[in-house]
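Have a look at the structure below, then the notes.
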Amino acid sequence: MKSVISRIREHALAQGERTAVIGVHGEQFDYKSLLEQIEALGADLQRRGIRHDDRVALVLKDGPAMAVTFLAVSSICTCAPLNTAYKTRDFEF
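Using the numbering used here, the letters of the sequence shown map in sequence onto residues 687 to 779.
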């Protein structure tokens, strides 16, 4: 079974200019730029010490930045996207 990042990489190589993500405000990323952003953020996270066995909670509003961040984190380690509407007690739990 192929990972999501492997499939994005395949699309970037085969159809790099094709639209991969469209945000609610019309912002768009093609597969090539999506992959570049995922890999750049993933490399930055690894330089900061994030490793395979780590778990990262992610609290971002839905949109292209959330998609890129989720894919970058989940390509390195376990990613737990959390609802931005959570209250402090929910995060503490």
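Every residue gets a Cβ at the ideal spot worked out from N, C-alpha and C, and that includes glycine.
| Query | Result |
| --- | --- |
| Are at least three pairs of beta-carbons, each pair with one atom in the region 741 to 750 and one in the region 693 to 705, less than 8 Å apart? | no |
| Could you tell me if A758 is buried or exposed, where buried requires 16 or more neighbouring beta carbons within 10 angstroms of its beta carbon? | buried |
| Compare the C-alpha of H711 against each of K773, S761, D748 and name the closest. | D748 |
| Check whether the Cβ atoms of L727 and T705 lie closer than 8 Å to each other. | no |
| Starting from the N-terminal side, write out each stretch of the beta strand (DSSP E) that is 3 residues or longer and does not extend beyond the region 694 to 775. | 705 to 708, 714 to 716, 741 to 744, 764 to 767 |
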